[in-house]
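Colleague: One structure follows; several queries about it will come next.
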Amino acid sequence: MFLAWNEMKNNKLRFMLIVGVLTLVSYLVFFLSGLANGLESLNKEAVLKWDADGIILTEESDVNLPQSSLKLDDYDGHGTDEYAVLGQMNAIATSGELKSNVSIFGIKNDEFIMPDVIEGEAFTDTGEVIADDSLKEEGFEIGDELELSATDETLIITGFTEDAKFNAAPVLYGSLETLEQLRMNSTVNGFVIRTDNLDDVPVSEKLQVIPTQTFIENMPGYSEQSLTLAFMIYFLFIISAVILAIFLYVLTIQKISIFGVMKAQGISSGYLAKSVVAQTFLLALAGVIIGLALTITTGFFLPAAVPVAFNALDLFIYGIVLVLVSVLGALFSVQTIVKIDPLKAIGG
Amino acid sequence: MALIQLKNVNKVFPTGKAEIQALKPTNFTGEAGELIAIIGPSGSGKSTFLTIAGGLQTPTNGEVIINGKDITELKEKQRAKIRLEEIGFVLQSSNLVPFLSVQQQMKLLDQVKKNNLSPEKREQVYLSLGIQELMTSFPSELSGGQRQRVAIAKALYTDPSIILADEPTASLDSERAFEVMEMLRKVTTDNKKTTIVVTHDTRLIDYCDKVYRITDGTLHQEMASLTS
Numbered sequence: 003m004f005l006a007w008n009e010m011k012n013n014k015l016r017f018m019l020i021v022g023v024l025t026l027v028s029y030l031v032f033f034l035s036g037l038a039n040g041l042e043s044l045n046k047e048a049v050l051k052w053d054a055d056g057i058i059l060t061e062e063s064d065v066n067l068p069q070s071s072l073k074l075d076d077y078d079g080h081g082t083d084e085y086a087v088l089g090q091m092n093a094i095a096t097s098g099e100l101k102s103n104v105s106i107f108g109i110k111n112d113e114f115i116m117p118d119v120i121e122g123e124a125f126t127d128t129g130e131v132i133a134d135d136s137l138k139e140e141g142f143e144i145g146d147e148l149e150l151s152a153t154d155e156t157l158i159i160t161g162f163t164e165d166a167k168f169n170a171a172p173v174l175y176g177s178l179e180t181l182e183q184l185r186m187n188s189t190v191n192g193f194v195i196r197t198d199n200l201d202d203v204p205v206s207e208k209l210q211v212i213p214t215q216t217f218i219e220n221m222p223g224y225s226e227q228s229l230t231l232a233f234m235i236y237f238l239f240i241i242s243a244v245i246l247a248i249f250l251y252v253l254t255i256q257k258i259s260i261f262g263v264m265k266a267q268g269i270s271s272g273y274l275a276k277s278v279v280a281q282t283f284l285l286a287l288a289g290v291i292i293g294l295a296l297t298i299t300t301g302f303f304l305p306a307a308v309p310v311a312f313n314a315l316d317l318f319i320y321g322i323v324l325v326l327v328s329v330l331g332a333l334f335s336v337q338t339i340v341k342i343d344p345l346k347a348i349g350g
Numbered sequence: 305m306a307l308i309q310l311k312n313v314n315k316v317f318p319t320g321k322a323e324i325q326a327l328k329p330t331n332f333t334g335e336a337g338e339l340i341a342i343i344g345p346s347g348s349g350k351s352t353f354l355t356i357a358g359g360l361q362t363p364t365n366g367e368v369i370i371n372g373k374d375i376t377e378l379k380e381k382q383r384a385k386i387r388l389e390e391i392g393f394v395l396q397s398s399n400l401v402p403f404l405s406v407q408q409q410m411k412l413l414d415q416v417k418k419n420n421l422s423p424e425k426r427e428q429v430y431l432s433l434g435i436q437e438l439m440t441s442f443p444s445e446l447s448g449g450q451r452q453r454v455a456i457a458k459a460l461y462t463d464p465s466i467i468l469a470d471e472p473t474a475s476l477d478s479e480r481a482f483e484v485m486e487m488l489r490k491v492t493t494d495n496k497k498t499t500i501v502v503t504h505d506t507r508l509i510d511y512c513d514k515v516y517r518i519t520d521g522t523l524h525q526e527m528a529s530l531t532s
């Protein structure tokens with residue numbers, strides 16, 4: 003550490019450049035991680051809020067809620083602790099100049115998927131809905147009459163709830179009767195269930211019991227989006243390791259003669275290798291910490307429309323991985339150090 | 305007391321079908337307190353002799369004995385330990401780490417080897433070499449002569465029995481070169497070390513107890529000890 007620290011102290015500009023590059027890579031990794039979380043939340047936050055273990059859909063729906071069409075008496079709650087009926091449709095809601103893509107959930111207000119109302123009143127009559135509060139941020143208000151695409155019916159917002167997005171669209175929760183009126187049929191899309199063992203839920207052949215996580219992963223575009231962002235993050239890990247490996251390798255090549263002289267003087271390869279690894283660790287740690295600070299600062303200034311949600315555990319894990327892959331990148335230099343022949347270094 | 309002995313040491317480099325005998329069978333002894341010069345033209349085998357004596361390479365045949373220990377068959381890691389503990393190198397180009405101050409150069413040796421010179425002896429060396437005012441300077445801030453003085457101090461810092469100097473005055477003017485030789489003479493006598501100086505500069509031999517000439521890999525003593 004002594005050699006590593008003093009070299010950095012006396013070559014500030016050179017090492018600040020390396021830290022700068024690592025900071026930018028870390029910043030990008032952290033920001034992408036926040037974006038991945040944010041986008042995932044946009045898709046699943048309404049589902050997660052149900053705190054359910056699974057959902058019953060038709061076999062032919064291919065785990066796609068809108069494609070699942072059921073009758074209310076297709077399932078009676080047997081084998082579950084609790085169950086809730088769910089109907090769903092997508093629409094574009096318009097109120098004056100305001101327009102938003104929405105997902106309308108038809109539910110029974112005495113069942114467990116009924117959300118908490120944070121402002122206004124719960125729906126009581128047909129045609130009344132409570133809306134995700136992101137619509138409030140868009141300018142929608144309690145009492146607004148919403149015109150819907152593909153139907154002449156209108157809905158009235160009676161209150162707002164929070165964290166209620168499904169497939170990136172804000173949810174309007176209304177009664178099953180409201181949904182029936184909009185769709186002009188009495189079918190529902192699924193039964194949301196709470197149970198300790200999904201395998202013990204008896205359903206007919208035309209139905210299937212889907213774990214909540216599988217249901218989320220099968221949402222249109224969800225897995226593709228998550229995998230794309232995950233790959234970008236993993237590639238950034240590799241890029242980070244390669245960048246640091248190249249920088250350190252060049253620095254090591256420049257120091258071959260001085261390392262050779264030190265080896266001639268009896269300083270072991272192990273000591274020099276530890277020094278390079280320690281240097282890499284310090285550089286990576288500094289880059290990650292500054293990158294994290296930048297990420298957090300940026301988070302304060304981002305508009306609400308940007309779907310970024312930072313998860314402390316993810317940031318911590320990604321930070322550790324960045325440091326580890328950077329240290330891994332330093333092993334090229336370690337190999338070079340081990341191979342340095344002190345005899346050549348002193349011109350023998 | 306012999307601090308370094310080479311017994312029937314030779315070094316052969318295979319080059320394709322032919323062989324080059326860089327050092328022909330050589331016997332050499334360096335006693336405590338002796339300053340020995342090895343002179344000879346370029347390519348005569350001086351560096352081969354020095355690097356074998358310093359444990360940087362192994363001889364093809366023969367034995368190298370440092371402070372009573374045969375190092376010939378030791379592995380590189382063990383030889384590195386011997387170099388750290390028993391041998392101080394002073395090289396033609398400065399052997400200083402460019403990004404460490406003079407003080408930090410010494411601290412680096414503290415890091416890799418315990419039981420270095422005692423603080424009192426250390427101060428004595430700094431004082432005798434006139435480097436105490438250079439402790440906060442970096443190598444780039446030192447003159448050639450100052451750099452070699454620090455290099456000598458660094459070589460002495462681990463309290464080795466043997467000092468091997470490879471053309472230590474090559475980059476210096478005559479005045480500075482003589483200064484460096486006076487210092488080597490003094491530390492050798494005062495600290496009972498064996499110092500071997502490899503040089504092609506015959507003006508330096510006046511400072512030495514023994515002078516060996518090496519020609520085409522053959523080492524022979526040119527004159528008896530100057531002090532005897």
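Those sequence lines, one after another, are chains E and B. Here the first sequence is numbered in the numbering used here, starting from 3 and rising by one per residue. Here the second sequence is numbered in the numbering used here, starting from 305 and rising by one per residue. Each residue gets a CB set at the ideal place from its N, CA and C atoms; glycine is no exception.
1. Compare the Cα-Cα distances from B/S447 to each of B/R480, B/I369, B/T333, B/K311 and report the closest residue.
2. Between the region 474-494 of chain B and the region 403-410 of chain B, are three or more C-beta pairs nearer than 8 Å?
3. Do B/K350 and B/V502 have their C-beta atoms within less than 7 Å of each other?
4. Does any CB atom of chain E fall closer than 7 Å to the CB of B/F403?
5. Jot down the residue ranges of each uninterrupted alpha helix (DSSP H) in the region 57-89 of chain E, minimum 4 residues, whole runs only, in chain order.
6. How big is the Cα-Cα spacing for B/I369 and E/S28?
7. Measuring straight from C-alpha to C-alpha, what distance separates B/T531 and B/G337?
8. Please tell me whether E/L345 has its Cβ less than 7 Å away from any Cβ of chain B.
9. Taking the CB atoms as reference points, tell me whether E/V352 and E/G40 lie closer together than 7 Å.
10. Could you have a look at E/G36 and say whether DSSP puts it in helix, strand or coil?
11. Among E/I132, E/D202, E/G36, E/F168, which has the Cα closest to the Cα of E/Y224?
12. Is the region 46-64 of chain E in contact with the region 313-331 of chain E, if contact means three or more CB pairs nearer than 8 Å?
13. I'd like to confirm the pairing. Which residues does DSSP put opposite E/D134 in its beta bridges?
14. Using a C-beta to C-beta distance shorter than 8 Å, which residues of chain E count as neighbours of B/R387?
15. List the DSSP bridge partners of E/Y175.
16. Leaving out the 5 sequence neighbours to the left and right, which residues in its chain are closer than 8 Å to B/S529 when beta-carbon positions are compared?
17. Does the Cβ of E/M186 have 16 or more other Cβ atoms within 10 Å, making it buried, or fewer, making it exposed?
18. Please identify, using Cβ separations under 8 Å, the residues of the region 352-384 of chain B that lie next to chain E, in order along the chain.
19. Report the residue from E/G331, E/V263, E/V279 whose alpha carbon sits nearest the alpha carbon of B/K458.
20. Can you tell me whether B/D374 is helix, strand or coil according to DSSP?
21. Measuring CA to CA, which of B/L460, B/T506, B/Q525 is closest to B/N495?
22. Counting pairs of Cβ atoms below 8 Å between the region 208-215 of chain E and the region 54-67 of chain E, do you hit three or more?
23. By a C-beta neighbour count over all protein chains shown, 10 Å radius and 16 as the cutoff for buried, is E/S136 buried or exposed?
24. Please give me, in chain order, every unbroken run of the alpha helix (DSSP H) with length at least 4 that falls completely inside the region 308-353 of chain B.
25. At a Cβ cut of 7 Å, what residues of the region 224-254 of chain E count as close to chain B, listed as they run along the chain?
26. Pair every Cβ in the region 178-185 of chain E with every Cβ in the region 152-164 of chain E, then say whether three or more of these pairs are closer than 8 Å.
27. What do you get for E/S206, buried or exposed, if any count of 16 or more other CB atoms within 10 angstroms of its CB means buried?
28. Find the residues of chain E that neighbour B/N399, judging by a C-beta separation of less than 9 Å, and give them in chain order.
29. E/F303 by DSSP, collapsed to three states: which one?
30. Could you check what DSSP says for B/G392 in three-state terms: helix, strand or coil?
31. State yes or no: is the C-beta of E/S71 within less than 7 Å of the C-beta of E/T189?
Modeller: On the basis of the supplied data:
1. Counting from one through the second sequence, the residue named residue 447 of chain B turns up at place 143. Nearest option by C-alpha distance: B/R480.
2. no
3. Numbered from 1 along the second sequence, position 46 holds the residue referred to as residue 350 of chain B. Numbered from 1 along the second sequence, position 198 holds the residue referred to as residue 502 of chain B. Cβ distance < 7 Å, so B/K350 and B/V502 count as in contact.
4. On the second sequence, residue 403 of chain B is found 99 positions in, with the first residue counted as 1. Chain E, which has a Cβ nearer than 7 Å to the Cβ of B/F403, makes this yes.
5. none
6. On the second sequence, position 65 is the one that residue 369 of chain B refers to. On the first sequence, position 26 is the one that residue 28 of chain E refers to. Taking the straight line from one Cα to the other gives about 55 Å.
7. By one-based count along the second sequence, residue 531 of chain B stands at place 227. By one-based count along the second sequence, residue 337 of chain B stands at place 33. With a pLDDT of only 46 at B/T531, under the threshold of 50, the placement of this residue in the model should not be trusted; the figure read from the coordinates follows. In this structure, the alpha-carbon of B/T531 lies about 11 Å from that of B/G337.
8. Start at 1 with the first residue of the first sequence, and residue 345 of chain E comes out as number 343. It does; some Cβ of chain B falls within 7 Å.
9. The first residue shown for chain E is 3 and the last is 350, placing residue 352 of chain E beyond what the model contains.
10. Taking the first residue of the first sequence as 1, we reach residue 36 of chain E at position 34. In the structure shown, the three-state DSSP call for E/G36 is helix.
11. By 1-based counting over the first sequence, the position of residue 224 of chain E is 222. It is E/F168.
12. no
13. For the purposes of this step, residue 134 of chain E is taken as residue 132 along the first sequence, with counting starting at 1. In the DSSP output, where bridge partners are listed per residue, E/D134 has E/T163.
14. Sequence index remark: in the second sequence, residue 387 of chain B carries index 83 (1-based). In chain order: A266, Q267, G268.
15. As a first step, residue 175 of chain E is located in the first sequence; it is residue number 173 there, counting from the start. DSSP, once it has assigned bridges, lists E/F107, E/I132 as partnering E/Y175.
16. Stepping through the second sequence from its first residue, residue 529 of chain B is reached at position 225. With a pLDDT of only 47 at B/S529, under 50, the local geometry of the prediction cannot be trusted, and the value read off the model is given with reservation. Here the set comprises E338, D513, K514.
17. Along the first sequence, read from residue 1 onward, the residue named residue 186 of chain E stands at position 184. Classification for E/M186: exposed.
18. T352, L354, T355, G358, L360, Q361, K381, A384
19. As a working mapping, residue 458 of chain B is identified with position 154 in the second sequence. It is E/V263.
20. For this step, residue 374 of chain B is matched to residue 70 along the second sequence. If DSSP states are grouped into helix, strand and coil, B/D374 belongs with the strands.
21. Against the second sequence, residue 495 of chain B aligns to sequence position 191. Of the candidates B/L460, B/T506, B/Q525, the one whose C-alpha sits nearest the C-alpha of B/N495 is B/L460.
22. Cβ pair count under 8 Å is three or more, so yes.
23. Along the first sequence, one-based indexing puts residue 136 of chain E at 134. Label assigned to E/S136: buried.
24. none
25. none
26. Result yes; three or more Cβ-Cβ pairs closer than 8 Å.
27. The count along the first sequence starts at 1 and reaches residue 206 of chain E at position 204. The residue is exposed, with fewer than 16 neighbouring Cβ atoms inside 10 Å.
28. What you label residue 399 of chain B is simply residue 95 of the second sequence in a count that begins at 1. Correct list: I260, V263, M264, A266, Q267, I348.
29. Taking the first residue of the first sequence as position 1, residue 303 of chain E is located at position 301. DSSP places E/F303 in helix when its eight states are reduced to three.
30. Start at 1 with the first residue of the second sequence, and residue 392 of chain B comes out as number 88. It is a strand residue.
31. Residue 71 of chain E sits at position 69 when you count from the first residue of the first sequence. Residue 189 of chain E sits at position 187 when you count from the first residue of the first sequence. Taking 7 Å as the Cβ cut-off, E/S71 and E/T189 qualify as a contacting pair.
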